Amino acid sequence: MKSLSILATATLTSAAVLWDGRLNDLESAEDLNKWSWATPVGPYQYYIHGNGPVTEYVEFSPEHKNPNDTASAQGVKITLTDTAYWNGQNMRRTELIPETDAAIASGKVWYHFSISRSATNRPSQAREHQIAFFENHFTELKYGGSGTAADSLRWQVSGQDKWAIAFGDDVWHNIAYEIDFAGGSVGLWHSTGAEPLQEVVAPMSVGASSNGADWHVGVLELPNGNADADEDLFFSGVYIENGAITTDVSGP
Ligand SMILES: *[C@@H]1O[C@H](CO)[C@@H](O)[C@H](O)[C@H]1NC(C)=O
0 MKSLSILATA
10 TLTSAAVLWD
20 GRLNDLESAE
30 DLNKWSWATP
40 VGPYQYYIHG
50 NGPVTEYVEF
60 SPEHKNPNDT
70 ASAQGVKITL
80 TDTAYWNGQN
90 MRRTELIPET
100 DAAIASGKVW
110 YHFSISRSAT
120 NRPSQAREHQ
130 IAFFENHFTE
140 LKYGGSGTAA
150 DSLRWQVSGQ
160 DKWAIAFGDD
170 VWHNIAYEID
180 FAGGSVGLWH
190 STGAEPLQEV
200 VAPMSVGASS
210 NGADWHVGVL
220 ELPNGNADAD
230 EDLFFSGVYI
240 ENGAITTDVS
250 GP
């Protein structure tokens, strides 16, 4: 009986994946084209991108994941090319959005992803990049922009810097946003490589809100008047859980 009650307690406090964006069931980026507003299939909405084929902006590969994440079969390379302008805007954008009816925007939840870049097609430090953001920007990563001399991957809460770390080439940054949509707070967990996630900023008060379809996994870049060069960012281990945070980079 004793072991049974321990098991029951463990089950109650363990994490549950609400939405899984780890691409293990997708073959190639062309699978994203199966999604449409009329046919909302697969884990991602794909509509924020330039006029080129999906393969110009998105590539899935085992090479593109954090190698220390053994639960993800592959990761995704998100690319900005000189055609990556969405819908007549002057910003380059390649973004994936969770497609799910799960309750990812209520209560206490953790939004997980790992991100890296390489020396090839390195994002310009001279332009502002908005990364893994929500429409109301209560939590997001930023890279570059005018006046940001340091090679900093910054975490912002409602547009204010709260934490930063050197981005670096070929470094996998594992991130979790700890979001309490009910209580109105957001905190940050981080690690690199194979290290377990650690809380780096305790939850702070914020107007956390989302319609459940506005978390942008990818990048929006503000123009700075210079000619466009191709830029790549890599994401893997993308999922959302509730219950308790999973700190292992290989996920629940
Ligand atoms: C993390 O991945 C790298 C690259 O595959 C590997 O060399 C290293 O041993 C891994 N670390 C751990 C703790 O598994």
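In numbering that gives the first Met the number 0, the protein residues as written are 0 to 251. Each residue gets a CB set at the ideal place from its N, CA and C atoms; glycine is no exception. Note that the structure is predicted; figures quoted are calculated from it, not measured.
Looking at residue i and ligand 1, is the gap between the Cβ and the nearest heavy atom below 7 angstroms?
| i | result |
| --- | --- |
| Pro66 | yes |
| Ala193 | yes |
Of all the options the options, which has the alpha carbon lying nearest to the alpha carbon of residue i?
| i | options | result |
| --- | --- | --- |
| Phe234 | Asn241, Val216, Phe132, Trp188 | Val216 |
| Leu221 | Asp100, Lys141, Ser117 | Lys141 |
| Asp160 | Ala181, Gly186, Trp171 | Gly186 |
| Phe137 | Ser249, Trp18, Val205 | Val205 |
| His63 | Asn23, Ser190, Ala228 | Asn23 |
| Trp171 | Val75, Asn65, Thr80 | Asn65 |
| Pro42 | Trp162, Thr99, Tyr84 | Thr99 |
| Val57 | Leu25, Pro202, Ala243, Phe132 | Leu25 |
| Ser117 | Asp81, Gly20, Ser249, Leu232 | Leu232 |
| Gly211 | Gly106, Thr191, Leu196 | Gly106 |
| Glu198 | His111, Leu31, Ala226 | His111 |
| His194 | Asn120, Pro202, Thr245, Asn225 | Note on residue identity: the sequence assigns Glu, not His, to residue 194. Ranking Asn120, Pro202, Thr245, Asn225 by Cα distance to Glu194 puts Thr245 first. |
| Ser157 | Gln129, Asp168, Gly182 | Gln129 |
| Asn50 | Ala83, Ile77, Arg21 | Ala83 |
| Gly74 | Trp85, Trp188, Phe59 | Phe59 |
| Ala243 | Glu230, Leu31, Trp109 | Trp109 |
Output yes or no for whether 8 angstroms exceeds the beta carbon distance between residue i and residue j.
| i | j | result |
| --- | --- | --- |
| Asp150 | Phe166 | yes |
| Ala148 | Ser184 | no |
| Ile114 | Ile174 | yes |
| Trp214 | Ile96 | yes |
| Ser13 | Gly236 | no |
| Thr320 | Val218 | Since the first residue of the chain shown is 0 and the last is 251, residue 320 is not available in this structure. |
| Asn241 | Ala28 | no |
| Trp36 | Ala101 | no |
| Asp81 | Asp247 | no |
| Glu134 | Gln155 | no |
| Arg126 | Gly143 | yes |
Give the range of the alpha helix (DSSP H) segment to which residue i is assigned.
| i | result |
| --- | --- |
| Val57 | From DSSP, Val57 is part of no alpha helix (DSSP H) but of the beta strand (DSSP E) over 57-60. |
Name the DSSP bridge partner or partners of residue i?
| i | result |
| --- | --- |
| Asn173 | Ser113, Ser190 |
| Lys107 | Asp179 |
At which residues does the beta strand (DSSP E) containing residue i begin and terminate?
| i | result |
| --- | --- |
| Ala15 | 15-19 |
| Asp231 | 230-241 |
| Ile47 | 43-47 |
| Leu79 | 74-79 |
Closer than 8 angstroms, CB to CB, is residue i near chain B or not?
| i | result |
| --- | --- |
| Ser209 | Although the question refers to chain B, the structure presented lacks it and comprises just one protein chain. |
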